[in-house]
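Protein chains in written order, with the numbering used here: chain X, 19 to 685; chain V, 546 to 851; chain E, 16 to 216.
We put the CB at the ideal spot given by N, CA and C, even for glycine.
Quick caveat: nothing in here was measured; it's all calculated off a predicted structure.
A short write-up of the structure that comes next.
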Amino acid sequence: MNWKEFILGKLTWNDLPHEWFTLGGTGAFVVLAIGLAIFLTYFKRWKWLWNEWLTSTDPKKIGVMYIAVAFFMFLRGGLDALMIWSQQVLGASNMPGFLGAQHGYLSADHFQQIFTAHGDIMVFFVTMGFLFGLINLVVPLQIGARDLAFPFLNSLGFWLYFAGVLLINMFFVLGGQFGATGWLAVAPLSELQFHPGVGVDYWIWSLQVSGLGTLIGGINFVVTILKMRAPGMTLMRMPMFTWTSLMSMMLVITIFPILAMTIALLTMDRYFGTHFFTLNNGGNQMMYWNLIWMWGHPEVYVLIIPSFGIYSEIVSTFSKKKIFGYPSLVAAAAGITLLSFAVWLHHFFTMGAGADVNSFFGIMTMFIAIPTGLQIINWLFTLFRGRIQFVSPIYWFFGMVSTFTFGGMAGILMAVPPIDFQVHNSLFLVAHFHTTIVGGALFGIFAGFTYWFPKFTGFRLHETLGKYAFWTWLVGFFISFVPLYILGFMGATRRLDHYAASTGWQPLFLTALVGICILALAVGIQILQLIVSIVKRKELRDTTGGDPWDGHTLEWATTSPPPFYNYAVIPEVHGRDAWWEMKKQGTAHKPVKYHDLELPKNTPMGIYIAGFIFLFGVAMTFHATLFSLIGLFGAVTCAFIRAFDDHSEYILPAAEVEKIENRLRKK
Amino acid sequence: MKKLSGIIVFLLIVLDVYLLGKILIGGKNVQILNPQGFVALQERNLIYLAVALMLIGAIPVFIMAIFVGRKYHANNTNAAYSPDWDHHHGLQIFFWGFLITIMSALSVIVWVAAHQLDPHVALEPDKKPFVVQVFALRYKWLFVYPQQGIASVNYVEFPEKTPLTFEITASDTPMTSFWIPQLGGQIYAMSGMATQTHLIADTVGQYRGASSEINGDGYADMVFTAHSVTKSDFAAWAKRVKHSPNKLTYDSFKKLSQPSIPAQVTFYSSTPDNLFTTIVMQYMAHPSTGAQAKSETMSGMNGMSK
Amino acid sequence: MTVKAATIPTKEQIEEVATDKTLFGFWVYLMTDLLMFAVLFATYSVLHGSIYNGPSSNEIFNLPFALTETMILLVSSFTSGLGTLAAHEKSRKFVLLWFGITFLLGLAFLGLELSEFSKLVAEGNSWHRSAFLSSFFTLVGTHGLHITTGLVWMLICMISVATKGVTKSMVRKLTLLSLFWHFLDIVWIFIFTIVYLMGAL
Chain X
19 MNWKEFILGK
29 LTWNDLPHEW
39 FTLGGTGAFV
49 VLAIGLAIFL
59 TYFKRWKWLW
69 NEWLTSTDPK
79 KIGVMYIAVA
89 FFMFLRGGLD
99 ALMIWSQQVL
109 GASNMPGFLG
119 AQHGYLSADH
129 FQQIFTAHGD
139 IMVFFVTMGF
149 LFGLINLVVP
159 LQIGARDLAF
169 PFLNSLGFWL
179 YFAGVLLINM
189 FFVLGGQFGA
199 TGWLAVAPLS
209 ELQFHPGVGV
219 DYWIWSLQVS
229 GLGTLIGGIN
239 FVVTILKMRA
249 PGMTLMRMPM
259 FTWTSLMSMM
269 LVITIFPILA
279 MTIALLTMDR
289 YFGTHFFTLN
299 NGGNQMMYWN
309 LIWMWGHPEV
319 YVLIIPSFGI
329 YSEIVSTFSK
339 KKIFGYPSLV
349 AAAAGITLLS
359 FAVWLHHFFT
369 MGAGADVNSF
379 FGIMTMFIAI
389 PTGLQIINWL
399 FTLFRGRIQF
409 VSPIYWFFGM
419 VSTFTFGGMA
429 GILMAVPPID
439 FQVHNSLFLV
449 AHFHTTIVGG
459 ALFGIFAGFT
469 YWFPKFTGFR
479 LHETLGKYAF
489 WTWLVGFFIS
499 FVPLYILGFM
509 GATRRLDHYA
519 ASTGWQPLFL
529 TALVGICILA
539 LAVGIQILQL
549 IVSIVKRKEL
559 RDTTGGDPWD
569 GHTLEWATTS
579 PPPFYNYAVI
589 PEVHGRDAWW
599 EMKKQGTAHK
609 PVKYHDLELP
619 KNTPMGIYIA
629 GFIFLFGVAM
639 TFHATLFSLI
649 GLFGAVTCAF
659 IRAFDDHSEY
669 ILPAAEVEKI
679 ENRLRKK
Chain V
546 MKKLSGIIVF
556 LLIVLDVYLL
566 GKILIGGKNV
576 QILNPQGFVA
586 LQERNLIYLA
596 VALMLIGAIP
606 VFIMAIFVGR
616 KYHANNTNAA
626 YSPDWDHHHG
636 LQIFFWGFLI
646 TIMSALSVIV
656 WVAAHQLDPH
666 VALEPDKKPF
676 VVQVFALRYK
686 WLFVYPQQGI
696 ASVNYVEFPE
706 KTPLTFEITA
716 SDTPMTSFWI
726 PQLGGQIYAM
736 SGMATQTHLI
746 ADTVGQYRGA
756 SSEINGDGYA
766 DMVFTAHSVT
776 KSDFAAWAKR
786 VKHSPNKLTY
796 DSFKKLSQPS
806 IPAQVTFYSS
816 TPDNLFTTIV
826 MQYMAHPSTG
836 AQAKSETMSG
846 MNGMSK
Chain E
16 MTVKAATIPT
26 KEQIEEVATD
36 KTLFGFWVYL
46 MTDLLMFAVL
56 FATYSVLHGS
66 IYNGPSSNEI
76 FNLPFALTET
86 MILLVSSFTS
96 GLGTLAAHEK
106 SRKFVLLWFG
116 ITFLLGLAFL
126 GLELSEFSKL
136 VAEGNSWHRS
146 AFLSSFFTLV
156 GTHGLHITTG
166 LVWMLICMIS
176 VATKGVTKSM
186 VRKLTLLSLF
196 WHFLDIVWIF
206 IFTIVYLMGA
216 L
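Dropping the structure here:
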């Protein structure tokens, strides 16, 4: 029995950070951690942090934590993007290499790790994080519920997400490499034959761990929306954001098992010598592509469908009209959800499946464009004959119309197989998916963040800075991505760390780099906006008692911020746009009789379980068997302890409820 | 604020027009829009057709967005205000119908075009094909000319105006993509698999060829030159290559399969027999099990090229 | 079941809602687990002809053996059902009896499966040999892992019942366990059909 291998696995001294970029990353994290520790100690907030936030099962707290972590990952992903573009500007063949690289300043392997990390971070940790945050914050309030169906699982889901965040950043501390395979780590490139190091293993475990958290969250949201709506709120009376969250989460629970199993099969190949996707012994490379894109295509709809719901809420509220074509919008969202399972092969038309198969998937892709287009038309008709208030969420909406439409058209173009043969894996493709995700999903998230910010903090975001941020984003967006469309037509493929200067690509790369710098500025303005809003929060206070935008849906019936139990008494709903109706009928502020509330206690178990699973992930990456077993055993034990804990709730007496309500409403 | 927005929008439009102009006047560098072969030409025309059809849907949406944004601004109290107008069956049917019509037209185009431009189908099936066998390796392209008995690395030459058949495979490498943008669309080259694409060069010229699918850290070096020449020039070139001191054997092939960057353009005066089939079959079971291996081969290659 | 705003929910109603939610949530989880198995079945179907130079399915599967495993699992599903009924009647004795038998049957199933696996490995037909064998071991092995998890869960439940009796939350847990066990039985029927029956033909 080789004890060293049993305990430490593949770990060697060489795995400690020793190259300039890993040291840079490690240094940044160390500085951040120390800074945070000093801050917490100086303001004596350790206990507060633990009790009020980390162990909380309140979806409003968990939602804020998701958004905070997603934001930090957004900064890292953005930094990755800056590194990618600067390398591509410097990577023309007529330029010298710097810092030991043959072209530009990054070696090919390092460059490939960066764009892999960029993709995984932006999809899994930024967009999913922001979305889970918003859904946690808003959906329980919108359906008139106090909490999610499974408060503890909500906490566990967040901490597993956080463990995934730690794992994807862990290579800065141990190992020094991430997968260099592209964000989906396709086989056989990700097999041991071509990637024997720990990079792909980090990819595997960070995605598996956060994927488990996502799946748990998805189950939680689906059960919540289906089982915990206020009395009278039938499915066709739910707000649009709740509908789209439901659709998105139903996609999540269907597809994340596919992802988990596909990654598990790759793991079996790498760890146990099986032959699912290897070149030898009968492995089938194409099967990985089919499986991963069966997950991957619906995933992009997971990312964008909630934003569609946000746009619905915003155009309705800010035009002071009911949403136009509600049943049609619901049907369209359902149509997108279902059709998203029928199009996955369009990601590899070029693999040679033949004209019949390619045509089928191309036609299905055409059909999925129909409900998407319908959404935009119905939103515009909502604005029609309305009274549009041009606050920044509406700006983001119009920004989406101008950007997402182009991205969508590029997508329809690529749905024609012979056209795809000429643009597949070129920068045209890269421009397409960035345009749709940034212009569609991200702008929606920004709009939703601005829209719901006053609900959870009690004060608005600084409006002028918000508008500046929007314009900077829009300008930067066009300058970044239009050159990419052109580069695609020039035959420029993606993921290149160097290229011949004679291709004439460099000036366009430079233009795009300027664009990204403008985007960096835009994010800076958004950070400034947040800081200024907090500093000026007294002036920006919501003085309407919880309804600053004259909203339509139930969340605006609560105070800003709402009490931790959301509703002292669950409201009864009589129609769509429940709050709007209540205001019209004068039943908005009826006095109520209070009663005792049974609420979930805080618990550190989510942290402990996720902590053990984090240990498991790191240990598995380095094949350190002992620690893997400790991690696994610890997680399972904690889970069983929690499962058999019958005292996870407490009673809030009616008198307490009344006191809190009076205090909040007296403001 | 309104004036500033207007200025920004104007500047953005100017920028976009400039960049778009760059495409249209960009000339040879904008390869997809400057096809030099029949297949690429069809694919470009398809792009124009699809864009035109989509604009039929997109332009009304843009116009409506601008119109709605301006007319129904909260300050414009003259405009009609219908807060409860939230459905109109006729309009909704029109929207669905309008989109379904455009998408159906595009679907027909998908079917027809995918079949007409199927890379597996020969361009002029009654003519004798000019065959080039393509091997994607790490990190280079090997081209074997079975009809001439010669081979070249990172360089392929062929006569113009002649229908070309490329038989494609890979060896000891993750998936790559064989692509000459100015002649036609790409197709994946995979170890253990064989596929085909058919292209034709309309004129004499030198074109860039590359892989678009990452296969390792030398991926950016998977670039080759495609050179179409007159028939007589090609014959002369082939004759010259026949005098090259290099010979392609299974040993030199194995050496070529080792990862290396960058690869020099090399010419070989002879090639081993059945190289293509042997390389495709190298991942199959050894023929010691006889009949079983053969049936395995068939099932293993099924579902790929027709 | 939702609570009317006009009425204050009683403890029974809260408990009922909790059970309803939990049961529904567990069903949703079972569906996701089914999807994971679906991926394994799809993989098995694609790869089952890729035998490389190893054995094919009709050379390694023994139908009587697989039938024995199937019968054991079917009977254990029946006894777990009896155990759940006993739980609803709050009968500690019969809960322990029926789940005890289920546990032993499950253990027997695992034992048989492990013996099949070790025989194959000893012959040189492990998951290393071919894609077909990789997918066989993974599909059947994943099912076995689920059975193991179920057995551990069952053991802990039985210990809890033995020491604390059949509480209300215990009834809920045993119902969930029983659902899980039935689910695994159904997956096994698919395995028996697609892997063993169709493989042996």
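Would residue i and residue j qualify as a contact pair, given that the criterion is a beta-carbon distance under 8 Å?
i	j	result
residue 190 of chain X	residue 87 of chain X	no
residue 712 of chain V	residue 779 of chain V	no
residue 617 of chain X	residue 667 of chain X	yes
residue 625 of chain X	residue 177 of chain X	yes
residue 92 of chain E	residue 168 of chain E	no
residue 172 of chain E	residue 183 of chain E	no
residue 705 of chain V	residue 773 of chain V	yes
residue 107 of chain X	residue 531 of chain X	yes
residue 207 of chain E	residue 81 of chain E	yes
residue 282 of chain X	residue 229 of chain X	no
residue 808 of chain V	residue 684 of chain V	yes
Does the CB of residue i have a neighbour CB from chain V at under 8 Å?
i	result
residue 398 of chain X	yes
residue 630 of chain X	no
residue 284 of chain X	no
residue 358 of chain X	no
residue 169 of chain X	no
residue 403 of chain X	yes
Would residue i pass as an interface residue toward chain X - the criterion being a Cβ-Cβ separation below 8 Å?
i	result
residue 515 of chain V	With chain V covering 546 to 851 only, the question about residue 515 of chain V has no answer from this structure.
residue 67 of chain E	yes
residue 210 of chain E	no
residue 114 of chain E	no
residue 20 of chain E	Only weak support is given to the placement of residue 20 of chain E: the predicted model assigns it a pLDDT of 46, under 50, and the question is left unresolved by the model.
residue 839 of chain V	Residue confidence is low: residue 839 of chain V scores 38 on pLDDT, short of 50, so the model does not pin down where it sits. Its coordinate-derived value is still stated next. Chain X, which has no Cβ nearer than 8 Å to the Cβ of residue 839 of chain V, makes this no.
Strictly under 8 Å for the Cβ-Cβ distance: is residue i near chain E by that measure?
i	result
residue 598 of chain X	no
residue 664 of chain X	yes
residue 299 of chain X	yes
Could you tell me whether any Cβ in chain B is nearer than 8 Å to the Cβ of residue i?
i	result
residue 826 of chain V	Of the chains in the structure shown, none is chain B; the protein chains are X, V and E.
Quick one: which chain V residues come within Cβ less than 7 Å of residue i?
i	result
residue 346 of chain X	637
residue 257 of chain X	Simply none; closest approach about 14 Å.
residue 578 of chain X	Per Cβ cutoff of 7 Å: no residues; residue 578 of chain X is ~23 Å from chain V at best.
Mind pulling the chain V residues with CB within less than 8 Å of residue i?
i	result
residue 337 of chain X	617
residue 521 of chain X	574, 753
Going along chain V, which residues have a C-beta under 9 Å from residue i?
i	result
residue 489 of chain X	549, 550, 553
residue 99 of chain X	Going along chain V, no residue has its Cβ under 9 Å from residue 99 of chain X, so there is no contact; the nearest lies around 18 Å.
Residues of chain E with CB closer than 7 Å to the CB of residue i, please, in chain order.
i	result
residue 272 of chain X	50
At 7 Å on the CB atoms, spell out the chain X contacts of residue i, in chain order.
i	result
residue 11 of chain E	Since the first residue of chain E shown is 16 and the last is 216, residue 11 of chain E is not available in this structure.
Can you pull the chain E neighbours of residue i, defined as C-beta to C-beta under 8 Å?
i	result
residue 442 of chain X	Here the premise fails: no neighbours, minimum Cβ distance about 24 Å.
Contact residues within the segment 172-197 of chain E, judged by C-beta distance below 8 Å to chain X: 175, 182, 184, 188
Residues of the segment 750-780 of chain V with Cβ closer than 8 Å to any Cβ of chain X, in chain order: 753, 755, 756, 757, 758, 759, 760, 761, 762, 763, 764, 765, 768
Contact residues within the segment 188-207 of chain X, judged by C-beta distance below 9 Å to chain V: 198, 199, 200, 204, 205, 206, 207
Name the residues in the segment 124-146 of chain E whose C-beta lies less than 8 Å from a C-beta of chain X; which are they? 142, 143, 144, 145, 146
With 8 Å as the C-beta to C-beta threshold (strictly closer), list the residues of the segment 237-252 of chain X near chain E in chain order. 237, 238, 240, 241, 244, 245, 246, 247, 248, 249
Residues within the segment 615-648 of chain X neighbouring chain E, beta-carbon criterion of under 9 Å: 616
Any chance you could list the alpha helix (DSSP H) runs of at least 4 consecutive residues sitting entirely within the segment 294-351 of chain X, in chain order? 303-336
Going residue by residue through the segment 142-216 of chain X, where are the continuous beta strand (DSSP E) segments of at least 3 residues, counting only ones entirely within it? none
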